[in-house]
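Report on the structure given below.
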Amino acid sequence: MSRVRVLVGTRKGAFVLTSDGKREEWKVSGPHFAGWEIYHVAGSPADPERLYASQSTAWFGQLIQRSDDGGTTWEPVGKDFTYEGETGTHQFYDGTAVPWEFTRVWHLEPSLTDPDTVYAGIEDAGLFRTVDGGQTWQELPGLRAHGTGPQWQPGAGGLCLHTIIQHPTNQDRLTIAISAAGAFRTDDGAQTWQAINRGLKSDGIPDPDAEVGHCVHRIAMHPSRPDVLFMQKHWDVMRSDDAGDNWYEISGDLPTDFGFPIAVHAHQPDTVYVVPITSDSLHYPPEGKLRVYRSRVGGNEWEPLTNGLPQENCYVNVLRDAMAVDSLDECGVYVGTTGGQVYASSDAGDSWAPIVSNLPSVLSVEVQTLP
Amino acid sequence: MIRVKLPTHLRNLAHVDGEVELDLDHLGEASVSMVLDALEDRYPVLRGTIRDLNTGKRRAFVRYFACERDLSHDPPDTPLPKEVLIGDEPLLIVGAMAGG
Numbered sequence: 001m002s003r004v005r006v007l008v009g010t011r012k013g014a015f016v017l018t019s020d021g022k023r024e025e026w027k028v029s030g031p032h033f034a035g036w037e038i039y040h041v042a043g044s045p046a047d048p049e050r051l052y053a054s055q056s057t058a059w060f061g062q063l064i065q066r067s068d069d070g071g072t073t074w075e076p077v078g079k080d081f082t083y084e085g086e087t088g089t090h091q092f093y094d095g096t097a098v099p100w101e102f103t104r105v106w107h108l109e110p111s112l113t114d115p116d117t118v119y120a121g122i123e124d125a126g127l128f129r130t131v132d133g134g135q136t137w138q139e140l141p142g143l144r145a146h147g148t149g150p151q152w153q154p155g156a157g158g159l160c161l162h163t164i165i166q167h168p169t170n171q172d173r174l175t176i177a178i179s180a181a182g183a184f185r186t187d188d189g190a191q192t193w194q195a196i197n198r199g200l201k202s203d204g205i206p207d208p209d210a211e212v213g214h215c216v217h218r219i220a221m222h223p224s225r226p227d228v229l230f231m232q233k234h235w236d237v238m239r240s241d242d243a244g245d246n247w248y249e250i251s252g253d254l255p256t257d258f259g260f261p262i263a264v265h266a267h268q269p270d271t272v273y274v275v276p277i278t279s280d281s282l283h284y285p286p287e288g289k290l291r292v293y294r295s296r297v298g299g300n301e302w303e304p305l306t307n308g309l310p311q312e313n314c315y316v317n318v319l320r321d322a323m324a325v326d327s328l329d330e331c332g333v334y335v336g337t338t339g340g341q342v343y344a345s346s347d348a349g350d351s352w353a354p355i356v357s358n359l360p361s362v363l364s365v366e367v368q369t370l371p
Numbered sequence: 372m373i374r375v376k377l378p379t380h381l382r383n384l385a386h387v388d389g390e391v392e393l394d395l396d397h398l399g400e401a402s403v404s405m406v407l408d409a410l411e412d413r414y415p416v417l418r419g420t421i422r423d424l425n426t427g428k429r430r431a432f433v434r435y436f437a438c439e440r441d442l443s444h445d446p447p448d449t450p451l452p453k454e455v456l457i458g459d460e461p462l463l464i465v466g467a468m469a470g471g
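From first to last, the protein sequence lines are chains A and B.
Heads up: the first sequence is residues 1 to 371, going by the numbering used here.
Heads up: the second sequence is residues 372 to 471, going by the numbering used here.
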């Protein structure tokens, strides 16, 4: 029978949650790296026992940890994320120019085919890659060399590269997103990049439909239909049918279109999940009710999923990397909250139950479906 | 022999219990910089955790204390206090008090 392994990054360590395919009984392992912020833990699609974790604190900096046994044991690997060449400047919050400076690794995206190859999205926004299992990391500098780099500015969480999407068959195509610069795509293996933000409108920048400056929170793609992208922007849920060349809004009947994560059902490419949050100044669910919203038609028409989720006095947030799906026959959906709960649904969102309820604030959730 | 006391997170990273004891070639001239060089040689995992990997500067939330003095803002090549050089007092590497 298939199994699932849920990889949870929190403000105070990492946790590994495992269950069989029924997803009813869970074993909890952790905290790993206790006391450290774990922005992301990810497993290799090519070798599910190979995991990578981003471990950091403001005190002692960045480490990358690697496991070759599914998270039972870990070893620190390379942590030198030195930008290539002249770093130049980007905008600070007040519009002044400041030099690029490494802060932390936000997101790790292992290669679809090679367990030793991993992409890393960092703050200040840059894209790095290792091809030796994390021992050394090299910047892919074409992204930061995009002519708009000096106009990029940090979102509230920093100038972070948080989303990395690999095309399922074309290794030369990557799609990434940066808060608050927007979405970018390469079609030549990261040598050159184009901004793909046409159709986005953001009130928080001087020119609402500028080429860059948009606070994209998350992008999701179904591998069977890689030209269709779904985006949760700061405000607005968006969709592109041409790999990001053009975007249109699909917020439809959502109670609010502010939010952070977005995910696509493992087997139904038009079934999309978001977690609406009250507003940019109130980072908790409307009316104190935690509701995941599901569209079965690719957007615009959304239904609230509430069964098993707290429907009163709930004031947690779900961060951009904290929702994931498994690929069992009945697709599982997982949501981690800033209140330390990880909720799981084993029926595509119809009903939910907490796996754990009292972890530190959850930063990220990833799921591995294991044989 | 110089005694170094690390904060909990760094002791865990380096898998050490208690204080670290370091023998330096030029003990009588030892500075914070020399002690950290020796510490990182013995425990490579600590590179970048106390000083920036590239600039070598002390990380903003790390402090160096010894003999009830804050050495954090002294030039890193300043000789350590005599009590540290002879092992009577440890060099304390401290995570600054700033939230939790």
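From the three backbone atoms N, C-alpha and C, an ideal C-beta is built for every residue, glycine too.
As the structure is a prediction and not an experimental result, all values here were calculated from the model.
Spatial neighbours of residue i in its chain, beta-carbon cut-off 7 angstroms, leaving aside the 5 residues before and after
| i | result |
| --- | --- |
| A:S29 | F15, V16 and G71 |
| B:S402 | P447, D448, T449, P450 and L451 |
| A:D68 | E49 and R50 |
| B:L442 | V403, Y435 and F436 |
| A:K12 | P31, A34, G35 and P360 |
Residue from the options with nearest C-alpha to residue i
| i | options | result |
| --- | --- | --- |
| A:T148 | A:P208, A:H90, A:L174 and A:F258 | A:H90 |
| A:W352 | A:Y334, A:N358, A:E366 and A:V318 | A:Y334 |
| A:I38 | A:Y52, A:N358 and A:V325 | A:Y52 |
| B:L410 | B:K376, B:S443 and B:E400 | B:K376 |
| A:Y315 | A:T18, A:Q341 and A:P371 | A:Q341 |
| A:P115 | A:R66, A:A125 and A:Q151 | A:R66 |
| A:F81 | A:T73, A:L63 and A:A97 | A:L63 |
| A:Q232 | A:D242, A:D257, A:G158 and A:P226 | A:D257 |
| A:G126 | A:W137, A:G133, A:P141 and A:L112 | A:P141 |
| A:P31 | A:Y93, A:P48, A:R23 and A:V8 | A:V8 |
| A:R185 | A:L290, A:V212 and A:V356 | A:V212 |
| A:C160 | A:G43, A:D124, A:S279 and A:L305 | A:D124 |
| A:Q268 | A:Y343, A:C331 and A:T278 | A:C331 |
| A:T278 | A:A177, A:T271, A:E287 and A:D270 | A:E287 |
| A:T169 | A:R225, A:H217, A:T130 and A:N300 | A:R225 |
| A:V275 | A:L319, A:A195, A:N300 and A:H40 | A:L319 |
| B:P461 | B:V391, B:L381, B:D412 and B:M405 | B:V391 |
| A:G133 | A:P76, A:F260, A:A322 and A:L229 | A:P76 |
| B:V416 | B:R382, B:V433 and B:G466 | B:R382 |
| A:T117 | A:D47, A:E84 and A:W193 | A:D47 |
| B:T379 | B:G458, B:I457 and B:I421 | B:I421 |
| A:S19 | A:H234, A:L282 and A:L328 | A:L328 |
| A:D227 | A:S54, A:T175, A:S44 and A:V297 | A:T175 |
Residues near residue i in its chain [Cβ-Cβ closer than 6 angstroms; skip 5 each side]
| i | result |
| --- | --- |
| A:G120 | Sequence inspection shows Ala at residue 120 of chain A; the Gly mentioned does not correspond to that position. Correct list, in chain order: V105, L108 and F128. |
| A:H214 | G182, N197, L200 and S202 |
| A:P354 | Q341 and Y343 |
| A:D188 | D172 |
| A:S220 | Position check: residue 220 of chain A holds Ala in this sequence, whereas Ser was assumed. Taken in chain order, the residues that qualify are F230, I262, A263 and V264. |
Identified DSSP bridge partners for residue i
| i | result |
| --- | --- |
| A:P110 | A:V118 |
| A:L161 | A:I178 |
| A:R375 | The question about residue 375 of chain A has no answer here: the residues shown for chain A are numbered 1 through 371. |
| A:A195 | A:F184 |
| A:D321 | A:S364 |
| A:K289 | Note: A:K289 sits in no beta bridge, so no partner. |
| B:L463 | B:K376 and B:F436 |
| A:K233 | A:V216 |
| A:M221 | A:L229 |
| A:T369 | A:V4 |
| A:R66 | A:Y52 and A:E75 |
| A:A353 | A:A344 |
| A:M238 | A:M231 and A:E249 |
Residues near residue i by beta carbon distance below 8 angstroms, same chain, minus five either side
| i | result |
| --- | --- |
| A:N246 | R198, G199 and S240 |
| A:G95 | Q153 |
| A:G88 | P99, W100, R144, G149 and P150 |
| A:D350 | L305 and N307 |
Any non-hydrogen atom of the ligand SAM within 7 angstroms of residue i CB
| i | result |
| --- | --- |
| A:M1 | The ligand content of the structure shown is nil, which means the ligand SAM is not present either. |
Contact set between the segment 421–444 of chain B and chain A, restricted to residues whose Cβ is under 9 angstroms from the partner: Answer in chain order: I421, D423, L424, N425, R430, A431, F432 and V433.
At least 3 beta-carbon pairs within less than 8 angstroms: the segment 335–342 of chain A vs the segment 353–370 of chain A: Per the Cβ contact rule, the segment 335–342 of chain A is in contact with the segment 353–370 of chain A (3 or more Cβ pairs under 8 angstroms).
The segment 253–265 of chain A in contact with the segment 206–214 of chain A per 3-pair CB rule at 8 angstroms: Short answer: they don't touch.
The segment 382–391 of chain B in contact with the segment 307–326 of chain A per 3-pair CB rule at 8 angstroms: Contact check between the segment 382–391 of chain B and the segment 307–326 of chain A: fewer than three CB pairs, one atom from each, fall below 8 angstroms, which does not count as touching.
Contact set between the segment 19–50 of chain A and chain B, restricted to residues whose Cβ is under 9 angstroms from the partner: Flagged, chain order: F33, A34, G35 and W36.
Residues of the segment 58–72 of chain A with Cβ closer than 8 angstroms to any Cβ of chain B, in chain order: Here the close residues are A58, W59, F60, G61, Q62 and L63.
Near-chain B residues of the segment 349–361 of chain A - C-beta to any C-beta below 9 angstroms: Listed by position, the residues of the segment 349–361 of chain A near chain B (Cβ gap below 9 angstroms) amount to none.
Interface positions of the segment 79–96 of chain A facing chain B (Cβ-Cβ less than 9 angstroms), listed along the chain: For the segment 79–96 of chain A, the beta-carbon criterion of a distance under 9 angstroms to any beta-carbon of chain B is satisfied by K79, D80, F81 and T82.
Contact set between the segment 373–391 of chain B and chain A, restricted to residues whose Cβ is under 7 angstroms from the partner: Correct list: H380 and L381.
Given 8 angstroms, three or more beta-carbon pairs between the segment 391–401 of chain B and the segment 422–441 of chain B: No, the segment 391–401 of chain B does not touch the segment 422–441 of chain B.
Residues in the segment 395–423 of chain B having any Cβ partner in chain A nearer than 7 angstroms: Against chain A - using a Cβ distance shorter than 7 angstroms - the residues of the segment 395–423 of chain B are V416, G419 and T420.
Near-chain D residues of the segment 159–171 of chain A (beta-carbon distance less than 8 angstroms), N- to C-terminal order: Any reference to chain D falls outside this structure, whose protein chains are A and B.
Selection of the segment 448–468 of chain B by Cβ proximity to chain A, strictly under 8 angstroms: Those would be G466 and A467, in chain order.
The segment 268–297 of chain A: positions lying closer than 8 angstroms to chain B by Cβ: Identification of residues in the segment 268–297 of chain A having a C-beta nearer than 8 angstroms to some C-beta of chain B yields an empty set.
Selection of the segment 185–209 of chain A by Cβ proximity to chain B, strictly under 7 angstroms: From the segment 185–209 of chain A, no residue has a Cβ closer than 7 angstroms to chain B.
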